[in-house]
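Have a look at the structure below before the remarks.
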Amino acid sequence: MRGASSVLAWLAAIVAASALAFWLGGYATDVYRKMLIWIALALSYNFLFGIAGQVAFSHFAFAGVGAYAVVILAHKIGLPFGAAFIGALALCALLSYIVALPSTRLEGFYLALATLAFSQLVLVVIDEGGGLTGGTGGIANYRLPDVLGYAIRGPWYTVLLVLLVALTLWVLVRLDHSAFGRACRAIRDNAVAATAMGVDVRHVKVLAFTLTSTLAGLAGVGYAYVDNVINPSVFGLENMFLLLFMVIIGGSGSHLGAIIGAVLVYLAPFLLEPIVGHGFLVVFGVLVVLTILFQPAGLAGLLASRSARHAT
Amino acid sequence: MEDLPELVVSATASGCIYALVALAYLLILRPTSVINFAVGEWAATGAFIGVAVLTPLAWPRLEAPYWQALVAVLVILGVLGWLVEMATVRPLIRRGSSVTSPILALLGVLVIIRESLTILFGADPLPSPPPFGFKRVAFGPFAGASQQFLIIGATLAVFVAVWLFFERTVWGRAFEAVALNRRAAALIGINLRRVTALAFAAGAMVAGLAGLLMSPLTSAHYMMGLPLAIQGFTALVIGGVGRVEGALLGGLVLAFVEQLGARYLPIPSGLTLGFPFALLIVFLFLRPGGLIASREAR
Amino acid sequence: MTGALLAASGLTKHFGGLTAVEGLELELLPGEILALIGPNGAGKTTTFNLIAGVFPPSAGSITLDGVRIDGMPVHRIAALGLMRTFQHNMPFAGMPLADNILVGRHTHFRAGLVDILLGLRRFREEEAAARRRAAELVTLVGLGDEVDRDVSTLPFGEGRLLELARALAGEPRVILLDEPAAGLTQPEMTRLAATIRDIAARGIAVLLIEHDMHFLLPLAHRVVVLNFGRKIAEGTPDEIARNPEVIEAYLGGAVSGTTARLGHA
């Protein structure tokens, strides 16, 4: 990532993705916006799962915390939107830090179970939140307040989501290509050797968990204003599994893989449902198993080896 | 406090179901270090097989006697467990990949099984007839549905059988040897592949039995697997991975905390749904040494 | 004790009822190559792990340039300038070769989160300098030119070299080498010995465990011999080879043929 050429590439991609927003009609816009949210979530989850090697099931729960926090702060409590936005992210950061401190002591899949239990607890709390969270019915009838005097509606909101994805990707790519990113991968590959090289494993793990979970919260904030409705079921285990599958199939550890996986897994049902009905979930399950068995680098790995072969 | 004896029966019956699921985890976890989250779907499969065999509600509409449902569950789940092991776990273990890979692959299997059940049986819950009818049974002050006592009796029988298997048979000792040290066990001639296959088949059968036993009380439903998997794992963590009896203890503790807490604690009933998760978190952090140590024994 | 870069005093370690190391006194000067030898079970690996911080001693102290490091977490000891290699290759399989080496340099990266996110000069220059250094180290240890190689396909001998390069990337003042020559071919061993001499010539203190006397005796400046957790001899390689107690320790131990080799050294 150096030099003017990559900056141009970024700008071109953002412009293209934004232009698409103006071209799409009503239904397609909704699909596109949700796809952008999924891409943002897959990118941050990929960093946590694929790069830092932490199998966590709390990612969607933090998206939920972000979404509920901003809506409650801005529309139930009536804070100015800027304060609500920052408050939501701060809450995600604080909560994920508290969860990370003890959880990163756990080995492997026990971290997964602890974060899964935490995410289910979050849902129970939201369900029982009564007037504050709207319970199982959720909260509706709000809309994004004017930001700096502008009402961000229609395609402009989609552009905002494109920028959200771009920001997420930029942060993660920069972190990846730094000593922090290398430390994360080192811990993933061999924590004992990483420690011997001077990596403060606990500190890096906690930081990775907190950063990525806060990015998930950011995506949650973005999601809250897509339908202007939030309910707890969206942030449950079903979608968490889908996210995991996206990252695995796309290629865990690769940012491009996360994007590919998110687009594929999100769009496939629209194409497959007319043909196989609910069966597309079976297809994903099978793809996950096949990926783990035969192509652990996922689709991104397939593309990489294809281009390597063409280069020689 | 008058309904306490009934609550005890109810909690014991629930606890037995959790214990069976925990046992299913344990049978697989000890020799392979693999946490098989798909046990919940195996239980759901057992429940649906029961519906298919015992009622006209689903193909093959047999309305056959109960023992045939039992046999069908054991045979089909045994084969299913063995197939899952052979197709997804064995290649990964043979390759020497970290234990996370089979666990993730099994999440894929979880979704495959669950969606297949939805496709085969539809999305609506299907009731399953209790073999001893809907009458209430009482042993002194302890009264409950006949199915609840069947669950308790069957669970005790399973646990006794498994305990005897591990303590008294050659195969059981082989299991223990593999659980303690895979490499050493292989070196002294124990066939690892067979032990692993047997572990998965046995785990599947126990889980399927749990599903069959609970379905008269809760109906067979395609979403029943995941909550059960979480509750079963919580029971496992509470009871500890070391001994078979731990699974039974863990299941009972979880169920009693859940039901007594819901009944007697002055908090909104919806929050009690969070008990298994809170317990899981507490025990994961209180006993990380206990769980990890048994893995490090390899 | 003055001038010693690394010093262990009264170093003792009990594992339950077993005493692995007892009352060990050890000193290492900058630029010195000290070999730790002894029959199997003599306590060499335990001593190594104590110094590296893997576990704390039951008694005694370890100081690095006057700073007490016993009981310190491993990563902090590394930050103070004590790096180690492992007996079995422990590469970071998911990263290219250069990145593996860069991890060894982890404690030297000063750029903060903001520098990284904004791609500020401090971050960019640090990274560029680090990568140049990694390329230098790759050449120094003899790993060839390709810095982007896939680490998982490295042959065993080159994996050992990677261990060394990675530890050196931390610009250590003291380096602990755990059987660095194990499994190497003769030409690889010759190259490794030259590299170790080179390292020591730059002022780095080297402590190594080795079983191969042919490799070790021409290389080490000083040798410390352990048996049953205690130091039984210390001196130059020549002195040690002629020491009757040492010879007897090995005669009674499991290392066959060593007496013959010791006699030839």
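Protein chains in written order, with our numbering: chain A, 1 to 312; chain B, 1001 to 1298; chain C, 2001 to 2265. The beta-carbon is built from N, C-alpha and C at its ideal position, and this holds for glycine as well. Treat the numbers as computed from the prediction; the structure is a model and nothing was measured.
Proximity of A:SER178 to chain C, defined by a Cβ-Cβ separation below 8 Å, is satisfied.
Counting C-beta pairs closer than 8 Å gives three or more between the stretch 213 to 220 of chain A and the stretch 165 to 176 of chain A, which meets the contact rule.
The alpha-carbon of C:ARG2122 is positioned some 58 Å away from that of B:ALA1019.
Around the beta carbon of B:THR1118, 16 or more other beta carbons lie within 10 angstroms, which makes this residue buried.
The beta-bridge partner set that DSSP reports for C:HIS2014 consists of C:THR2019. Per DSSP, C:ASP2178 is one residue of the beta strand (DSSP E) stretching across 2174 to 2178.
Beta-bridge partners assigned by DSSP to C:LEU2034: C:LEU2207 and C:ARG2222.
Shortest Cα-Cα distance from C:LEU2082 to any of C:GLU2210, C:ASN2100, C:LEU2192 and C:ILE2051 involves C:ILE2051. Between B:ARG1287 and B:ALA1179 the beta-carbon gap is near 18 Å, outside 8 Å, which marks them as no contact. Between the alpha carbons of B:PHE1165 and B:GLY1203 lies a gap of roughly 14 Å. Within chain A, not a single residue places a beta-carbon under 7 Å from that of C:ASP2145; the smallest gap is close to 17 Å. Within the model, the alpha-carbon separation for B:LEU1026 versus B:PHE1233 is close to 9 Å.
Taking C-alpha positions only, A:VAL192 is separated from A:LEU111 by approximately 18 Å. The beta carbons of A:THR136 and A:ASP127 sit about 5 Å from each other, so the pair counts as a contact at 8 Å. For the beta strand (DSSP E) assignment, the uninterrupted runs of no fewer than 3 residues enclosed by the stretch 1120 to 1159 of chain B are, from N- to C-terminal side, 1136 to 1139 and 1142 to 1145. With a contact defined as Cβ atoms closer than 8 Å, A:MET35 and A:VAL263 qualify at about 6 Å. Out of B:ASN1181, B:ALA1105, B:ILE1190 and B:LEU1212, the CA that lies nearest to the CA of B:PRO1129 is found in B:LEU1212. For A:GLU107, no beta strand (DSSP E) run applies, since DSSP gives it neither H nor E.
Taking C-beta separations shorter than 6 Å and ignoring five residues to either side along the sequence, the partners of B:VAL1137 in its chain run SER1146 and PHE1149, following chain order. Counting along the chain, C:MET2083 sits inside the beta strand (DSSP E) bounded by residues 2082 to 2084. Residue state for A:THR158 is assigned as helix, using DSSP reduced to three classes. Think of a sphere of 8 Å around the beta carbon of C:GLY2183: no beta carbon from chain A falls inside it, the nearest being about 18 Å out. Per DSSP, the unbroken alpha helix (DSSP H) holding C:ALA2098 starts and ends at 2097 to 2104. If you ignore the 5 residues before and after B:ARG1263, its C-beta comes within less than 7 Å of the C-beta of LEU1007, all in its own chain and listed in chain order. Collapsing the DSSP output to three states places C:THR2063 in a strand.
For B:ILE1190, no beta strand (DSSP E) encloses it, and the DSSP letter there is neither H nor E.
Judged by pairs of C-beta atoms under 8 Å, the stretch 38 to 51 of chain A touches the stretch 219 to 227 of chain A, as three or more such pairs exist.
Annotation for C:ARG2076: the continuous alpha helix (DSSP H) segment containing it runs 2074 to 2079. Note on A:ASN190: 16 or more other CB atoms within 10 angstroms of its CB, so buried under the neighbour-count rule. Taken through DSSP and simplified to helix, strand or coil, B:TYR1222 comes out as coil. Contact check for B:MET1205 against B:GLY1081 passes: the beta carbons are separated by less than 8 Å. Residues of chain A whose Cβ lies closer than 7 Å to the Cβ of C:THR2107 are, in chain order, GLY198. The criterion of a C-beta distance shorter than 8 Å is not satisfied by A:ALA183 and C:HIS2108. Taking 8 Å as the cut-off, the beta carbon of C:ALA2182 is found no closer than this to the beta carbon of C:ALA2134. Residues are counted here when their Cβ sits less than 7 Å from a Cβ of chain B; for the stretch 273 to 298 of chain A these are HIS278, GLY279, LEU281, VAL282, PHE284, GLY285, VAL286, VAL288, VAL289, ILE292 and LEU293, given in chain order. The continuous stretches of alpha helix (DSSP H) do not include C:ARG2110, and DSSP gives it neither H nor E.
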